[in-house]
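Below you'll find the structure, written out as structure tokens, and then a few comments.
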Amino acid sequence: MFVLVNLKTYPCDPVAVADAVRDVNETTDARLAVAPQAAHLERVADTGAETWAQHVDSIEHGSNTGHTLAESVAEAGAVGTLINHSERRLKLADIDGAVRAAQRADLETVVCANNPAQIGAAAALGPDAVAVEPPALIGTGTPVSQADPEVVEGAVEAAANVDSEVSVLCGAGISTGDDVVAAGELGAEGVLLASGVAKADDPKAALENLVEPL
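Residue numbers for the sequence shown follow this note's numbering, beginning at 2 and rising by one.
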């Protein structure tokens, strides 16, 4: 089970969360990773925690002020990137371009989508994984794996119908170990979460709770 913690722009200490991710990862068979803000990538990667970017752009080296270059993300120590998170939506052509840019930089890719139909379209672009996240549940503490299991099952089926090699993750409201177990039972191979760890008083304890049932 892959557990990817997105720190968004929450006012947490990214290095402290990364330390917790690294330490808990050593105690479980689950795979834990953290996605900090771009400015924090190198410091977070230096902790030894598996580090992901929150976004890369569909660009190459050149005149692209204010954009995020996949190669720079990789050089900072990231091993993968989210693409098309519901808080950073892209047009389909730009999603495709971002996937290609990430692949060019040897970054793993997780393309986010809102529903099973979009998951099928995302899977057709050839990412390593797709993640279904209904926007209405993001940040609510109400887990998609329990509140709307049909969405997760539909996403798993939609991705499999397009490319059985593309893994499916789910996100939105994931905050407990039971939520993670429920996601796995529905066919998801991982979860995305944010506030459940990033806003926790004790991120390490929150992570231990997430992976304890696995």
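Backbone N, C-alpha and C define an ideal beta-carbon position, used for all residues, glycine too.
Endpoints, the alpha helix (DSSP H) within which G67 is located = G67 -> no alpha helix (DSSP H), and no H or E assigned at all.
Going along the chain, which residues of its own chain have a beta-carbon closer than 8 Å to the beta-carbon of E154, five neighbours each way excluded?
-> Correct list, in chain order: L187, G188.
L215: buried (16+ other C-beta within 10 angstroms of its C-beta) or exposed?
-> Looking at its Cβ environment, which holds fewer than 16 other Cβ atoms inside 10 Å, L215 is exposed.
Return the chain-ordered list of same chain residues with a C-beta closer than 6 Å to the C-beta of A124, the five sequence neighbours on each side being excluded.
-> When the five nearest sequence neighbours on each side are left out, the beta carbons in the same chain lying within less than 6 Å of the beta carbon of A124 are those of V131, A160, V163, D164, V167, in order along the chain.
Can you check the segment 144 to 186 for any beta strand (DSSP E) of at least 3 residues that lies completely inside it and give the ranges in chain order?
-> 168 to 172
Span of the alpha helix (DSSP H) holding I120?
-> 117 to 124
Pick out whichever of V192, N26, S176 has its Cα sitting closest to the Cα of A207.
-> S176
Could you tell me whether the Cβ atoms of E190 and V25 are closer together than 7 Å?
-> Taking a C-beta distance under 7 Å as the contact criterion, E190 and V25 do not qualify as a contact pair.
Hey, quick one: how far does the beta strand (DSSP E) through R32 stretch, first residue to last?
-> 32 to 36
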